[in-house]
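First to last, the sequence lines map onto chains A and B. Residue numbering for the first sequence follows our numbering, beginning at 1 and increasing consecutively. Residue numbering for the second sequence follows our numbering, beginning at 1 and increasing consecutively.
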Amino acid sequence: MPEQSNDYRVVVFGAGGVGKSSLVLRFVKGTFRDTYIPTVEDTYRQVISCDKSVCTLQITDTTGSHQFPAMQRLSISKGHAFILVYSITSKQSLEELKPIYQQVLAIKGNVEAIPIMLVGNKSDETQREVETKDGEAQANQWKCAFMETSAKTNHNVTELFQELLNLDKKRNMSLNIDGKRSGKQSRAERLKGKCSVM
Amino acid sequence: TLCLFNEDVVVSLRDKHREAEDGGGLPSNRPVFCCPHRYDGSLISDGSVVYAEALWDHVTMDDQELGFKAGDVIEVVDATNKEWWWGRMVDSEGWFPASFVRGYIKQCRKRTDMFNEEQLRTIFGNIEDIYRFQRKFLKGLEKKFNKEQPHLSEIGCCFLEHQTDFQIYSEYCNNHPNACIQLSKLMKVNKYVFFFEACRLLQKMIDISLDGFLLTPVQKICKYPLQLGELLKYTNPQHRDYKDVEAALNAMKNVARLINERKRRLENIDKIAQWQSSIEDWEGEDVLSRSSELIFSGELTKLSQPQTKSQQRMFFLFDHQMVFCKKDLLRRDMLYYKGRVDMDHMEVVDVEDGKEKDFNISVKNAVKLRSTSGDQLHLLSAKKPELKERWIRAFNDERRQVQHDRDTGFSLTEVQKKQAMLNACKSHPAGKPKGRNPQEPQEHQPSECGYTSKTYGVGSVTNNTITK
Numbered sequence: 001m002p003e004q005s006n007d008y009r010v011v012v013f014g015a016g017g018v019g020k021s022s023l024v025l026r027f028v029k030g031t032f033r034d035t036y037i038p039t040v041e042d043t044y045r046q047v048i049s050c051d052k053s054v055c056t057l058q059i060t061d062t063t064g065s066h067q068f069p070a071m072q073r074l075s076i077s078k079g080h081a082f083i084l085v086y087s088i089t090s091k092q093s094l095e096e097l098k099p100i101y102q103q104v105l106a107i108k109g110n111v112e113a114i115p116i117m118l119v120g121n122k123s124d125e126t127q128r129e130v131e132t133k134d135g136e137a138q139a140n141q142w143k144c145a146f147m148e149t150s151a152k153t154n155h156n157v158t159e160l161f162q163e164l165l166n167l168d169k170k171r172n173m174s175l176n177i178d179g180k181r182s183g184k185q186s187r188a189e190r191l192k193g194k195c196s197v198m
Numbered sequence: 001t002l003c004l005f006n007e008d009v010v011v012s013l014r015d016k017h018r019e020a021e022d023g024g025g026l027p028s029n030r031p032v033f034c035c036p037h038r039y040d041g042s043l044i045s046d047g048s049v050v051y052a053e054a055l056w057d058h059v060t061m062d063d064q065e066l067g068f069k070a071g072d073v074i075e076v077v078d079a080t081n082k083e084w085w086w087g088r089m090v091d092s093e094g095w096f097p098a099s100f101v102r103g104y105i106k107q108c109r110k111r112t113d114m115f116n117e118e119q120l121r122t123i124f125g126n127i128e129d130i131y132r133f134q135r136k137f138l139k140g141l142e143k144k145f146n147k148e149q150p151h152l153s154e155i156g157c158c159f160l161e162h163q164t165d166f167q168i169y170s171e172y173c174n175n176h177p178n179a180c181i182q183l184s185k186l187m188k189v190n191k192y193v194f195f196f197e198a199c200r201l202l203q204k205m206i207d208i209s210l211d212g213f214l215l216t217p218v219q220k221i222c223k224y225p226l227q228l229g230e231l232l233k234y235t236n237p238q239h240r241d242y243k244d245v246e247a248a249l250n251a252m253k254n255v256a257r258l259i260n261e262r263k264r265r266l267e268n269i270d271k272i273a274q275w276q277s278s279i280e281d282w283e284g285e286d287v288l289s290r291s292s293e294l295i296f297s298g299e300l301t302k303l304s305q306p307q308t309k310s311q312q313r314m315f316f317l318f319d320h321q322m323v324f325c326k327k328d329l330l331r332r333d334m335l336y337y338k339g340r341v342d343m344d345h346m347e348v349v350d351v352e353d354g355k356e357k358d359f360n361i362s363v364k365n366a367v368k369l370r371s372t373s374g375d376q377l378h379l380l381s382a383k384k385p386e387l388k389e390r391w392i393r394a395f396n397d398e399r400r401q402v403q404h405d406r407d408t409g410f411s412l413t414e415v416q417k418k419q420a421m422l423n424a425c426k427s428h429p430a431g432k433p434k435g436r437n438p439q440e441p442q443e444h445q446p447s448e449c450g451y452t453s454k455t456y457g458v459g460s461v462t463n464n465t466i467t468k
């Protein structure tokens, strides 16, 4: 029997050079490269344990699409969870996430029901342009979670994906508790099916 | 070796290293195996037991081959060979053909009981065209690649030569949402889930689901500019290929931009169709039959010869035409169709404030639209000078858009237009007169469409909210 769990889709967004691929590669392959290689692979798969069960993530890298919003929308519509990455060394890279967040909002409607994580990457760098509290403030405004990571030093990388899944679970639980609306319940059930126990 | 597939008899050479031919007169029902429990290329290297479930019958008269029926579970003993696996069942052992059929599409075509041509066309779009093109493109690259001294390769010209060919990605991207819908419908049925998973395993593709693979062309076409950008960065300006790489970068940026733009336009037509169906008393052909983009909209005072009384109207400037409507006196969010102006045969004249000769009245913030044949003359005035400037800009944008579409060969297909109008009709609950129901979906959704009836009142710069 095939696993049906290989379609919990995490979509990673961010301006070029903020370390999207580095984060994903660190998470999936455990490696880091100092030189910039524009992404070659497009979609990755990784198994992650989360709250005693095991989930299989399909991670979609969107490198290159940030100038092409209509193309971005194609990735957004199939995503279950989103990671919005900026570099703490570039205020501009945080700015560039705003239209992407708006896109997710427009397509997914209620963002509070979707796990979104704002990520300040390159936390090992000393030439900081975006303070931690600025990132947090932005996340508060967007009602999403926040984390600073370093793909280089492997700081908070696995935690990032784990936290993303936790967000999903928390949301499902709260939906189950107050969820009288069948639509929300069926969503919760759908998601349960996607995190399979192996 | 005699090898029976259902009723067909095929003589196959027992050469396990022979590259299997696709199609080639072989029978259509090949056994395909569903999903060994664990599969990572070194199928059974660590000694654990791996099972496969047969999707189709394999009937054989060769005693070295393993015959079975669909649904049988086979223990896979040896999968080191690409085409033939050695398997074991309760009472027999033998070779069985594992992977001499290739890819998703060819597999699907063989299962006419599961897929019809239209479904396949929807799911895979023109990916076969893309594949054929990419093979040609790859050959071109290989020819230009300098094996001995890679840094002397001159590949820029390959992109320049093929820049228009890359536009076939547009069709693929435009179709992609339909592909996702069709696929997720099928994936509700286990049979299809197993089938696609079997295809993936046979191809030894990495473990992501089919929709992940289907997104790849969308991701790829966005990446060429990035990769060429990097190449350019590391190319010495004295390099013989520098100019071409630079031009290639621009060309591929333009391709991606064009594809993005076409996708956006396609998304917009649904909103235009919805907008039209929300208008009362619509007359004449659909907006979509000539137009595909709302350029600007807002309120203007209109005076058209031979009338003498001016009227407040809502104007919607599309490419090729401008529609004007009257607001309902009480329900300000309701609009009645009043007419349209053909912008292809209209000259826009900036009118100075003061006395206007043609109409013999005093005007402010006005423009005149005069048809080239001379039989139509409209005087339009805005509330503020800035608004008039904005409208003049919009009229220029309209002409530019029309020219641009002509240059790039952009047009909608009849099917796309029909589909959009059909979708818009569906969104109106049957039996309720359109526009009169305050619960109507498109009025109350925070729609991406910046010009649903609810937003007109806000101001004239409504088109900012249309997705860019």
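Glycine is no exception: its CB is placed at the ideal position from the N, C-alpha and C atoms.
To the nearest angstrom, report how far apart residue i and residue j are at their CA atoms.
i: V47 of chain A; j: Q162 of chain A; result: 11 angstroms
i: S48 of chain B; j: G67 of chain B; result: Because S48 of chain B carries a pLDDT of 47, less than 50, the predicted location of this residue cannot be relied on, and the following value inherits that uncertainty. Answer to the nearest angstrom: the Cα atoms are 23 angstroms apart.
i: Q416 of chain B; j: G156 of chain B; result: 36 angstroms
i: R33 of chain A; j: V157 of chain A; result: 15 angstroms
i: T164 of chain B; j: E389 of chain B; result: 37 angstroms
i: L23 of chain A; j: E347 of chain B; result: 56 angstroms
i: D78 of chain B; j: F194 of chain B; result: 22 angstroms
i: D302 of chain B; j: A137 of chain A; result: Here residue 302 of chain B is Lys; the residue named in the question, Asp, does not match the sequence. Answer to the nearest angstrom: the Cα atoms are 49 angstroms apart.
i: T132 of chain A; j: S65 of chain A; result: 27 angstroms
i: E148 of chain A; j: K188 of chain B; result: 38 angstroms
i: H345 of chain B; j: S373 of chain B; result: 8 angstroms
i: H176 of chain B; j: K191 of chain B; result: 23 angstroms
i: T235 of chain B; j: G16 of chain A; result: 20 angstroms
How about residue i and residue j: do their beta carbons lie closer than 7 angstroms?
i: V11 of chain A; j: G79 of chain A; result: yes
i: C222 of chain B; j: M71 of chain A; result: yes
i: N146 of chain B; j: L138 of chain B; result: no
i: Y337 of chain B; j: E283 of chain B; result: yes
i: V402 of chain B; j: D350 of chain B; result: no
i: A248 of chain B; j: P225 of chain B; result: no
i: R45 of chain A; j: D207 of chain B; result: yes
i: T122 of chain B; j: N178 of chain B; result: yes
i: I269 of chain B; j: A420 of chain B; result: yes
i: S362 of chain B; j: K355 of chain B; result: yes
i: H378 of chain B; j: S310 of chain B; result: no
i: L330 of chain B; j: I279 of chain B; result: no
Can you name, in chain order, every residue of its own chain whose Cβ lies under 6 angstroms from the Cβ of residue i, other than the five neighbours on each side?
i: G94 of chain B; result: Q64, E65 and L66
i: I114 of chain A; result: K108
i: S153 of chain A; result: Contrary to the premise, residue 153 of chain A reads as Thr rather than Ser in this sequence. These residues qualify, in order along the chain: D124.
i: F124 of chain B; result: I105
i: C144 of chain A; result: I116 and L118
i: F146 of chain A; result: L118, G135, E136 and A139
Among residues of its own chain, excluding the 5 on either side of residue i, which ones have a beta-carbon nearer than 7 angstroms to its beta-carbon?
i: R480 of chain B; result: Residue numbering for chain B in the displayed model covers 1 to 468; residue 480 of chain B lies beyond these limits and cannot be assessed.
i: K20 of chain A; result: V12, G14, D61, T63 and V85
i: N437 of chain B; result: Note on N437 of chain B: pLDDT 38, under 50, position unreliable in the model; no value is reported.
i: S291 of chain B; result: F318, D319, H320 and Q321
i: D244 of chain B; result: E154, G156, C157 and L160
i: P385 of chain B; result: N365
i: L94 of chain A; result: Y86, V130 and Q138
Please go through the same chain and pick out, in chain order, the residues whose beta-carbon is closer than 8 angstroms to the beta-carbon of residue i, but skip the five residues on each side of it.
i: W142 of chain A; result: Y101, V111, I116 and L118
i: L258 of chain B; result: Q167, S170 and T408
i: I76 of chain A; result: V11, F82, Q103, V104, I107 and K108
i: L183 of chain B; result: I123, L210, D211 and L214
i: A251 of chain B; result: F159, L160 and Q163
i: E128 of chain B; result: I105
i: R109 of chain B; result: F115 and L120
Taking 7 angstroms as the CB-CB cut-off, is residue i touching chain D?
i: T216 of chain B; result: No chain D is present in this structure, whose protein chains are A and B.
Worksheet item: Touch check for the region 283-297 of chain B and the region 384-399 of chain B: three-plus C-beta pairs under 8 angstroms?
Response: Yes, they touch.
Worksheet item: Taking Cβ-Cβ distances below 9 angstroms as the criterion, which residues of the region 224-237 of chain B are in contact with chain A?
Response: The residues in question are Y224, P225, L226, Q227, G229 and E230.
Item to complete: Would you list, in chain order, the members of the region 145-165 of chain A that have their beta-carbon closer than 7 angstroms to a beta-carbon of chain B?
Response: Interface annotation for the region 145-165 of chain A against chain B: empty, criterion Cβ-Cβ distance under 7 angstroms.
Discussion item. Short of 8 angstroms Cβ to Cβ, which residues in the region 63-88 of chain A face chain B?
Written reply: Cβ contacts with chain B: T63, G64, S65, Q67, F68, P69, A70, M71, R73, L74, S75, S77 and K78.
Practice prompt. Taking only beta carbons into account, state which residues of the region 14-28 of chain A come closer than 7 angstroms to chain B, listed in chain order.
Written response: Within the region 14-28 of chain A, the residues whose Cβ lies closer than 7 angstroms to some Cβ of chain B are G16, listed in chain order.
Worksheet item: Mind listing which residues of the region 153-184 of chain B have their C-beta closer than 8 angstroms to chain A's C-betas, in chain order?
Response: Within the region 153-184 of chain B, those residues whose Cβ lies closer than 8 angstroms to any Cβ of chain A are, in chain order, C173, H176, P177 and C180.
Worksheet item: Listed from N- to C-terminal order along the chain, which residues in the region 262-281 of chain B have their beta-carbon within a distance smaller than 7 angstroms of any beta-carbon of chain A?
Response: Within the region 262-281 of chain B, the qualifying residues are K263, R264 and E267.
Item to complete: With 9 angstroms as the limit, tell me which residues of the region 234-260 of chain B have their beta carbon closer than that to any beta carbon of chain A; keep them in chain order.
Response: With the criterion set as a beta carbon lying under 9 angstroms from some beta carbon of chain A, the members of the region 234-260 of chain B are K253, A256, R257, I259 and N260, in sequence order.
Worksheet entry | Residues from the region 120-146 of chain A in contact with chain B, defined by Cβ distance under 7 angstroms | Here the close residues number zero.
Worksheet item: Just by C-beta distance, which residues in the region 120-135 of chain B are closer than 8 angstroms to chain A?
Response: Cβ contacts with chain A come from no residue of the region 120-135 of chain B.
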